[in-house]
Amino acid sequence: MMNKYVWAIFVAENTGRFPNFYPIGLYTSREKAIEELEALPREMNYQLLKLPVNQTFPYYHKESSKPVGMDGIYHEHFNFRDDYAGGDS
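This note's numbering applies: residue 40 is where the sequence shown begins, and numbers increase by one.
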């Protein structure tokens, strides 16, 4: 049976430009994604998203029909940069 979700790791930057995040990996389980996150450089911030496969996840404003949010997505922040002192310690 195929997974109903994939786990995606994104780099999250505070650049003021869009997009300020970009994907760096997709995994079939949270455990595999966390293992990779723990090996990534600590001078960046990351986001982990659980994304549904074979379904859309935005929801739309009833009057304007514009996308206003997302359902079915689990999201975690890994703010390594905020704790990173720089240099070797």
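C-beta: ideal position from N, C-alpha, C; glycine also. All of these numbers come straight from a predicted model, not from anything done at the bench.
Item                                                                                                                     : Value
Measuring straight from C-alpha to C-alpha, what distance separates residue 112 and residue 91?                          : 7 Å
Should residue 65 go down as buried or exposed, given a rule of 16 or more other Cβ atoms within 10 Å for buried?        : exposed
Would residue 60 and residue 51 qualify as a contact pair, given that the criterion is a beta-carbon distance under 8 Å? : yes
Strictly by DSSP, which residues pair up with residue 117?                                                               : 85
Based on the DSSP secondary-structure assignment, which residues constitute the bridge partners of residue 62?           : 49
Would you say residue 76 lies against chain C (beta-carbon separation less than 8 Å)?                                    : This model lacks chain C altogether, as it is built from one protein chain only.
DSSP has residue 111 in a bridge; who is on the other side?                                                              : Residue 111 is not bridged to any residue.
Considering residue 97, what are the terminal residues of the beta strand (DSSP E) in which it resides?                  : 97-99
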